[in-house]
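In my numbering, the protein residues as written are 1121 to 1266.
Glycine included, each C-beta is placed from N, C-alpha and C at the ideal position.
The structure appears right after this line, and notes come after that.
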């Protein structure tokens, strides 16, 4: 297994992973073209990073992080999205390796904290984040489509 920064060439494989993720999240709709556009935009941003897990040159996992300014912290923080490992490769340490790599990146950038959202009904993901040292907060996510 290899963890590396994603490139534009990885977009089709990452869009497929997002399709797998969004198929189980009721708030999002899988759409290959839309997710491909979003990934391309993230790859072009200096304030964002995408990491992929690769086995034998095949992308089997990914996570994204974007930098925001936190007024609570008075400095930059990272918002993590799209943590997903292909179902056939789960339970082999790839998700943990992706998060470790992303955390190292965040420390190098001097970020004050990392935060993420997870579907409240995705118990396997919630347990995974707990095992990786993350904890739930009292905040509730709200969304308004524009």
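Legend entry - Unbroken beta strand (DSSP E) run spanning residue 1168, endpoints: Within the chain shown, the letter at position 48 stands for residue 1168. 1168–1175 is the extent of the beta strand (DSSP E) around residue 1168.
Inset, instruction - Could you pull out every residue in the same chain whose Cβ sits closer than 6 Å to the Cβ of residue 1190, ignoring the five residues on either side in sequence? - result: Locating residue 1190 in the chain shown gives position 70, counting from the first residue. Within the same chain, residue 1190 has close Cβ partners 1197.
Inset, instruction - Could you tell me whether the Cβ atoms of residue 1150 and residue 1143 are closer together than 8 Å? - result: In the chain shown, the residue the question calls residue 1150 occupies position 30. In the chain shown, the residue the question calls residue 1143 occupies position 23. Yes, they are a contact pair.
Legend entry - In chain order, each alpha helix (DSSP H) run of at least 4 residues that lies wholly inside the region 1187–1256: 1214–1228, 1243–1251
Inset, instruction - Would you identify the three-state DSSP class for residue 1178, choosing helix, strand or coil? - result: Translated into positions along the chain shown, residue 1178 becomes position 58. Strand at residue 1178.
Inset, instruction - Would you decide whether residue 1207 is buried or exposed? Buried here means 16 or more other CB atoms lie within 10 Å of its CB. - result: Along the chain shown, one-based indexing puts residue 1207 at 87. So residue 1207 ends up on the exposed side.
Legend entry - Cβ contact (3+ pairs, closer than 8 Å) linking the region 1219–1226 and the region 1154–1161: no
Legend entry - DSSP bridge partner residues for residue 1122 (one or two, in chain order): On the chain shown, residue 1122 is found 2 positions in, with the first residue counted as 1. Per DSSP, 1174.
Inset, instruction - Could you spell out where the alpha helix (DSSP H) holding residue 1164 opens and where it closes? - result: Start at 1 with the first residue of the chain shown, and residue 1164 comes out as number 44. Note, residue 1164: alpha helix (DSSP H), 1152–1164.
Inset, instruction - Measure the C-alpha to C-alpha separation of residue 1166 and residue 1229 and round it to an integer number of angstroms. - result: As a first step, residue 1166 is located in the chain shown; it is residue number 46 there, counting from the start. As a first step, residue 1229 is located in the chain shown; it is residue number 109 there, counting from the start. Using only the alpha carbons, I get a separation of about 11 Å.
Inset, instruction - Return yes when the Cβ of residue 1174 is within less than 8 Å of the Cβ of residue 1122, no when it is not. - result: In the chain shown, residue 1122 corresponds to position 2, counting from 1. In the chain shown, residue 1174 corresponds to position 54, counting from 1. The criterion of a C-beta distance shorter than 8 Å is satisfied by residue 1122 and residue 1174.
Inset, instruction - Leaving out five residues on either side along the sequence, give the residues of the same chain with a beta carbon under 6 Å from the beta carbon of residue 1258. - result: For the purposes of this step, residue 1258 is identified with residue 138 of the chain shown, where counting begins at 1. None.
Legend entry - Between the CA atoms of residue 1213 and residue 1256 - distance to the nearest angstrom: As a first step, residue 1256 must be located in the chain shown, where it is residue number 136. As a first step, residue 1213 must be located in the chain shown, where it is residue number 93. Spanning the two alpha carbons is a distance of roughly 22 Å.
Legend entry - residue 1185 - partner residues in DSSP beta bridges: Here residue 1185 refers to the residue found at position 65 when the chain shown is read from its first residue. The partner list for residue 1185 (beta bridge, DSSP) reads 1169, 1200.
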